[in-house]
Structure formats: C-alpha cells, structure tokens
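Comments concern the structure below.
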Amino acid sequence: MRNRKKKNGGNRLENLSALILNDSDISPETGSLFDKDRPLRLEIGCGKGDFISGVSLREPDYNYIAVERISDVALAAVEKYAEGRGLGTLDHHGGWRGPDGTVYKGERWEIPADQRGNVRFYIGDAARFLEIAPKGRFDRIYANFSDPWPKSRHEIRRLTHPGFLKKYSELLAPGGELRIKTDNDGLFEYTLESLTSSGWSVLFSTRDLHSDDTDRSIRESNVVTEYEKRFTEQGVNIKAVFAAPPVV
Ligand SMILES: C[S@@+](CC[C@H](N)C(=O)[O-])C[C@H]1O[C@@H](n2cnc3c(N)ncnc32)[C@H](O)[C@@H]1O
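Going by our numbering, the first residue of the sequence shown is number 4, and it counts up by one from there.
Right, dumping it as structure tokens:
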C-alpha cells in the first residue's frame, strides 16, 4: 500500500489511544473493553478503515477488532472511525478536536466508554494478534484484499496459508466463519485449495461478487473496501469466499 509518512503520526495516535488495544488489553475478557457485551468480529489488515467503519455501523450488534500492522495506515483508519462516530476531527492547527471543542495535542483523550462505539484497533502484525487473542470467541473473521505474496517462497505469508487457517479455526466460536475478498485470481484459487486441504467447508464462493445473484443478500450487504473500490473501477472482478472451519 502506498503511504506517505503522516505528520505527527505518533501524537495523533496518542490522542485517540482510547480506541487502540495494547497487547496487555488482549485477554479472554477483551469483550469487556467495549461498553456492551456483543459477539466479537475481527478484521485482519484493515487498511485505511473504510470497511471496518462501514460494517460496524451497518451491523451494530457486534464488537469489532481491526488489525493493521502499518501504524500510519492504522492512524487513517482510527481517525476515519472516530470522525464517523461524531468523536471530532483533525484540527487545522494540529491535534484532534473533540466534539466539545477541546484540542488534544499528543495527549490521550479519555473518550467516555459509552462513546467509543463498537470498534477497537490493534496496531501490529496479525501473526502476533492471533497468538494472543482469546480462543473460541470470534463470530467472524474478515481478510479483505490481503497481500497475494505471489512468489512460492513467500507462500507462508499469505493470510490464507494453512498455518493461518489453523489459527483462525482456534479463534472462531462454534458456527463462526472466515470471509475473504480479493481481486487476485492466483490468491483466490490458492485460498480455495488451502481451505479444502485444511478441511474447511466452503459456504459461499464467487468469482464476481458484484454481479453474483446466488444469494442477493450477500451482494446487497457487501461493504466496499478501499481496494475493492479501486479494483472495481479498473474493471477487475471481485472474488469472495466464506468458509467454516472443520468441526473437531
Ligand atoms: C492490500 S491492503 C488492503 C486494505 C483493505 N483491507 C482493503 O481491502 O482496502 C492490505 C493491508 O493489510 C495489511 N497487512 C498485510 N499483512 C498484514 C499482517 N500480517 N498483519 C497486519 N496487517 C497486515 C497491510 O499493511 C495493508 O494495509
């Protein structure tokens, strides 16, 4: 992802750090970090946050954790989410301007718990998050437009490599599912093979999500990501697969 270094990125993250989870926050009680107890959902590689901001509003009866490893990219996602939830905006003179006009410049704003909404961000590598995340607690895991890592020597880094699938199956609650979207034909075919060889059940798959009418509710409830918008504008079909882990 192309990304220019953000001015005062560290300070800006600190302003909104009430929305950001540290390693020490991640525990079986992670759900209690939200003001309401709701089923948990996870997005891996949230990018600049269009999807997580959109889906968390469209399906508000869930709590969401969005993982992104590049801090300046995560910052864009956190600020987008905060602005979308009426928590203020970037101040022209630097800092974050809260809804009451207070400007935070590099100091944490203790956003009242009942205003933080249903998304928290984890800034770090997915592999680390998957190690420390509570097992059997997630109702759904999303990985949208993850890096295809086309060279076979990098296969292990693909987010649908059997090693990652194993971690997802540990995190998912009974009845939970993984939802993948991609522009990339190679990654899509690889993902289908990886799911099958790992014993997952494919619940839905399509090579053209935006015109697939097998289940119109899927198309109609689709929340478009930044990459999805870009690839669709270029005329690339969006591939998607939803799958459930093997029952052990
Ligand atoms: C191609 S972009 C897609 C962004 C967004 N999901 C979308 O669909 O527009 C992939 C994003 O995933 C992040 N990412 C890739 N591998 C990751 C990992 N192992 N852990 C956390 N984030 C990762 C990248 O930094 C990047 O922001």
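In this text, a Cβ means the ideal position worked out from N, Cα and C, and glycines have one as well.
Only a predicted model underlies this, so the values are computations on that prediction, with no experimental measurement involved.
Which of helix, strand or coil DSSP assigns to residue i
{"i": "PRO31", "result": "coil"}
{"i": "TYR65", "result": "coil"}
{"i": "LYS244", "result": "Here the sequence assigns Val to residue 244, which means Lys is not the residue at that position. Of the three classes helix, strand and coil, the one that applies to VAL244 here is strand, per DSSP."}
{"i": "LYS9", "result": "coil"}
{"i": "PHE132", "result": "helix"}
{"i": "LYS184", "result": "strand"}
{"i": "ARG55", "result": "In the sequence on display, residue 55 carries Ile and not Arg. Helix, per DSSP."}
{"i": "ILE47", "result": "strand"}
{"i": "GLY178", "result": "strand"}
{"i": "PHE124", "result": "strand"}
{"i": "ILE144", "result": "strand"}
{"i": "PHE234", "result": "helix"}
{"i": "ILE262", "result": "Residue 262 cannot be examined here, being either before or after the span of the chain that is shown, 4 to 251."}
{"i": "ILE221", "result": "helix"}
{"i": "ILE73", "result": "coil"}
{"i": "LEU190", "result": "helix"}
{"i": "SER204", "result": "strand"}
{"i": "VAL106", "result": "strand"}
{"i": "GLY87", "result": "helix"}
{"i": "LEU162", "result": "coil"}
{"i": "THR228", "result": "coil"}
{"i": "ARG2", "result": "A query on residue 2 cannot be resolved here, the shown segment of the chain reaching from 4 to 251 and no further."}
{"i": "ARG156", "result": "helix"}
Contact under 9 angstroms by Cβ, residue i with residue j
{"i": "PHE167", "j": "ALA129", "result": "yes"}
{"i": "PHE141", "j": "ALA176", "result": "yes"}
{"i": "GLU17", "j": "GLU110", "result": "yes"}
{"i": "SER204", "j": "ALA243", "result": "no"}
{"i": "SER56", "j": "ALA21", "result": "no"}
{"i": "SER197", "j": "THR163", "result": "yes"}
{"i": "LYS169", "j": "SER201", "result": "yes"}
{"i": "LEU206", "j": "ARG143", "result": "no"}
{"i": "ALA69", "j": "PHE148", "result": "no"}
{"i": "GLU71", "j": "GLY48", "result": "yes"}
{"i": "ASP26", "j": "LEU36", "result": "no"}
{"i": "ILE241", "j": "ASP211", "result": "yes"}
{"i": "LEU181", "j": "PRO249", "result": "no"}
{"i": "GLU229", "j": "LYS8", "result": "no"}
{"i": "ILE114", "j": "SER74", "result": "no"}
{"i": "LEU190", "j": "PRO165", "result": "no"}
{"i": "VAL251", "j": "PHE54", "result": "no"}
Same chain, Cβ closer than 7 angstroms to residue i, five either side skipped, listed in chain order
{"i": "PRO102", "result": "GLY89, LEU90 and GLY91"}
{"i": "LYS138", "result": "GLU173 and LEU174"}
{"i": "ASN11", "result": "GLY97"}
{"i": "PRO153", "result": "GLY189"}
{"i": "VAL58", "result": "VAL226"}
Same chain, Cβ closer than 6 angstroms to residue i, five either side skipped, listed in chain order
{"i": "ASP186", "result": "PHE234 and VAL239"}
{"i": "TYR107", "result": "ASN18, GLY98 and TRP99"}
{"i": "GLU86", "result": "THR92"}
Close beta carbons around residue i, own chain, < 8 angstroms, minus the five adjacent residues each side
{"i": "ALA116", "result": "ASP38"}
Decide if the segment 153-163 is in contact with the segment 220-229; the criterion is three or more beta carbon pairs, one per stretch, under 8 angstroms apart. no
Using 8 angstroms as the cut-off, can you tell me whether the segment 117-127 makes contact with the segment 49-64, which would need three or more C-beta pairs spanning the two stretches below that distance? yes
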